[in-house]
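*Asks:* Counting from 1, one number per residue, gives the positions in the sequence shown under the working numbering.
One structure is given below, represented as structure tokens, and several questions about it will come after.
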Amino acid sequence: MSSSEGPKKPTAVEFLRLISGARVDVYVGKDKKHYVIPKDLLCYYSTYFDRCFNGEFKEAKEGKLELPEDDVQDFEILLEYMLRGVLPLDSIEARGEAAISNDMYRRYMGIIEYADKYSMQHGIGELLCHSIKSTLLYNNRIAPGDVELIFRIFGKGASIREVITQAALSKQGPDGVVFRKQEEDIPEFAQQMLGEVRKASRIYSGQNMWIDPITSAYSSSLISSNITPGVIILLPLPDLSTTAVNAWTAHRLLSLNPAGLSNSPVEPRSTTIVRNGISTNSQETSAIEFLKLISGTKVDIYVGKEKKHYNLPKPLLCHYSPYFARCFNSAFKDAEEQKLELLEDKIEDFEILLEFMLHGSTPDALDLRGAKEGLFTTCMAVILYADKFAMGELICEHLRDRMKAGLKRLAGGPFKPTRVTPDHIELVCRLTRDGSPVRTLLAQEVLSYSGVSYCLDQAFHALKKANPGFAYEMLRQLRMSIRNISWIDPISGRVRKEAMIEARRSM
């Protein structure tokens, strides 16, 4: 068992230090697949690797480690986490008997157990927590051994402890049969189970009802011990007034097959949470490809009036930015010297791009800066800066959720002046393609803050400014928002009233 918390995700500058030192050779699997990995990075995330390479063992002297019993895919999952701070969930497949039923829950638990071997379970478990709960919703396969594993290797307060306890309650009901031994042997599990039972319990029409913590559906404790453990309820929360106990029983039994009519197994493919530099598609930049990007020639970049120095991997810079590719791979002076000065740039702006290239994310400092300047305004400023390096489109799509959060904070009554300016619209339309979620967001914000009339004016001006894509997006948002409309027929001149049908609103 390791400490109650794993190491914090390093900042971009800290990560640069971790990948700039000596490298070690790691050979994985029966075929001895070879990896050349920064030693400091391995030791930062894993006390196991730290002992191997910084102790009196043979591995420390040779700078080499063999893991012949390990699976290559399992190791590359850990490598992806160390390099990018995320997991390639879409590329993970069930193994062995679990593959027959596509049992991703069992696969995820196996990954956590493997991560524990290297004292890396905390970060891995946190990232898998949501996906584990999603698989349990469709098919609750939790076993007593899972409870024992999770409460052994994770400390108090870990989110995955809560999910596993909720799954146990969902499977056995409040009366408790399946996990009775674990409740007796593991005091912290019993304590957490008590808390979940209290949260789930309800009294309705004289009967003890409870809310399944996994499915969020109601059930009756009178029947929970008389049906197959592990089945779940799929009835929605409302409309309880005429539902009899027999009806609940029938629906719980039907829910053995969540699809209702289909006999094929139903298992959701986990939504990827991989955030690599190019998109959210885990196929874009794998851990192996990223290792190559950070292992090449280094170049020197000096930023700001203070000339803060960064020694950065040239392949990484050129991969993300055509600007850097031209600077360092051409006849320019910068290419000859392998040095670039950005004296007019702000250090905080440059480190946002650096964080994105290294981690596929943006630093928390962006939110702190947004609290002072306004999050939406801050995001637009970062996008404008990224455009200087031909990275505007990547950053624009990446910051969409933050931009939306910033606009929500500004939300007020109708017909307030919009915070989206014509310059913002022009920038986003130049950087993005038709159908971009960021274009949609700006059109929604204009409509939300300024109402229908102003929105129509903006659409008209967008057409005049040769922005037909944004004009179309405006009209689409108008159609989706309007339920009833009065309008003047341009042919007859009469006022007509009609309801907007769903098909027309979505056009």
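We treat Cβ as the ideally placed atom computed from N, Cα and C, and that holds for glycine.
Computed from a predicted structure; not experimentally measured.
Determine the extent of the beta strand (DSSP E) in which Ile37 is found, giving its start and end residues.
*Replies:* Lys33 to Pro38
*Asks:* Rounded C-beta distance between Lys9 and Arg23? I'm assuming under 8 Å.
*Replies:* Actually they do not touch by this definition, with Cβ atoms about 21 Å apart.
*Asks:* I'd like to know whether the C-beta atoms of Met82 and Tyr45 end up nearer to each other than 7 Å.
*Replies:* Yes.
*Asks:* Just tell me which of Cys129, Lys117, Thr297 and Leu149 has its CA closest to the CA of Ser214.
*Replies:* It is worth fixing the name first, because residue 214 is Ile in this sequence and not Ser. Considering only alpha carbons, the answer is Cys129.
*Asks:* For the alpha helix (DSSP H) that Pro422 lies in, which residues bound it at each end?
*Replies:* Pro422 to Leu431
*Asks:* What are the start and end residues of the alpha helix (DSSP H) that includes Pro187?
*Replies:* Pro187 to Ala200
*Asks:* State whether the region 60 to 72 contacts the region 129 to 149, with contact taken as three or more CB pairs (one from each stretch) at a distance under 8 Å.
*Replies:* no
*Asks:* Please list, in chain order, all residues of the same chain as Lys404 whose beta carbon is under 7 Å from its beta carbon, the five residues on each side excluded.
*Replies:* Leu441
*Asks:* Using three-state DSSP, classify Asp25 as helix, strand or coil.
*Replies:* Reduced to three states, the DSSP call for Asp25 is strand.
*Asks:* What is the C-beta distance between His359 and Arg84, in whole angstroms, given that I count them as a contact (C-beta under 8 Å)?
*Replies:* 6 Å
*Asks:* Helix, strand or coil for Leu478 per DSSP?
*Replies:* Under the three-state reduction of DSSP output, Leu478 falls in the helix class.
*Asks:* For Tyr449, which of helix, strand or coil comes out of DSSP?
*Replies:* Tyr449: helix per DSSP, three-state reduction.
*Asks:* Pull up the CB-CB distance for Cys429 and Phe389, whole angstroms please, since I reckon it's below 8 Å.
*Replies:* Actually they do not touch by this definition, with Cβ atoms about 19 Å apart.
*Asks:* Near Thr11, what residues of its chain come up, given a Cβ to Cβ distance below 6 Å and the 5 sequence neighbours on each side ignored?
*Replies:* none
*Asks:* Just verifying my parser: in three-state terms, what is the DSSP assignment at Arg17?
*Replies:* helix
*Asks:* What runs of the alpha helix (DSSP H), each 4 residues or longer, lie entirely inside the region 341 to 410?
*Replies:* 347 to 359, 365 to 373, 375 to 387, 392 to 398 and 400 to 409
*Asks:* Could you say which of Ser330, Ser131, Gln182 and Glu126 lies nearest to Arg146 if we only look at CA atoms?
*Replies:* Looking at the sequence shown, residue 146 is not Arg but Asp. If we check each option's Cα against that of Asp146, Gln182 comes out closest.
*Asks:* Please list the terminal residues of the continuous alpha helix (DSSP H) segment that includes Ile301.
*Replies:* Segment Lys298 to Val303 is the beta strand (DSSP E) holding Ile301; no alpha helix (DSSP H) there.
*Asks:* Looking only at C-alpha atoms, which of Val495, Val28, Gly493 and Leu447 sits nearest to Arg476?
*Replies:* When only C-alpha atoms are compared, the closest one is Leu447.
*Asks:* From which residue to which residue does the beta strand (DSSP E) around Tyr310 run?
*Replies:* Lys308 to Pro313
*Asks:* Out of Thr378, Ile164, Tyr27 and Ile150, which one is the CA nearest neighbour of Arg402?
*Replies:* Thr378
*Asks:* Within its chain, find whatever has a CB closer than 7 Å to the CB of Cys396; leave out the 5 residues flanking it on each side and keep chain order.
*Replies:* Ile383, Val428, Leu431, Thr432 and Val438
*Asks:* Alpha carbon to alpha carbon, what distance is there between Phe49 and Ile164?
*Replies:* 29 Å
*Asks:* Rounded to a whole number of angstroms, what is the C-alpha to C-alpha distance between Gly21 and Ala287?
*Replies:* Those two C-alpha atoms are separated by around 18 Å.
*Asks:* Please classify Gly493 as buried or exposed, where buried requires at least 16 neighbouring CB atoms within 10 angstroms.
*Replies:* exposed
*Asks:* To the nearest whole angstrom, what separates the beta carbons of Leu312 and Leu293, a pair I think is in contact under 8 Å?
*Replies:* A Cβ-Cβ distance of about 11 Å is found for the pair Leu312 and Leu293, leaving them out of contact under the 8 Å criterion.
*Asks:* Run through DSSP, which three-state label would Arg494 get?
*Replies:* coil
*Asks:* Using 8 Å for Cβ pairs, my map puts Val303 next to Asp345. What's the rounded Cβ distance?
*Replies:* Indeed they touch by this definition, with Cβ atoms about 5 Å apart.
*Asks:* Tell me whether the beta-carbon of Ile111 lies closer than 7 Å to the beta-carbon of Gly125.
*Replies:* no
*Asks:* Going by the DSSP bridge assignment, what does Glu66 pair with across the sheet?
*Replies:* Tyr27
*Asks:* Work out the CA separation of His398 and Gln338 for me, nearest whole Å.
*Replies:* 29 Å
*Asks:* Kindly confirm or deny that the region 315 to 330 and the region 356 to 373 touch, where touching means at least three C-beta pairs closer than 8 Å.
*Replies:* yes
*Asks:* Any idea if Ser170 is buried or exposed, counting beta-carbon neighbours within 10 angstroms, 16 or more meaning buried?
*Replies:* buried
*Asks:* According to the neighbour-count rule (16 or more other Cβ atoms, all chains shown, within 10 Å of its Cβ), is Asp116 buried or exposed?
*Replies:* buried
*Asks:* For Val147, does the three-state DSSP call read helix, strand or coil?
*Replies:* helix
*Asks:* Grab me the residues of Phe151's own chain with a C-beta within less than 7 Å of its C-beta, minus the 5 sequence neighbours each way, in chain order.
*Replies:* Arg161, Ile186, Glu188 and Phe189
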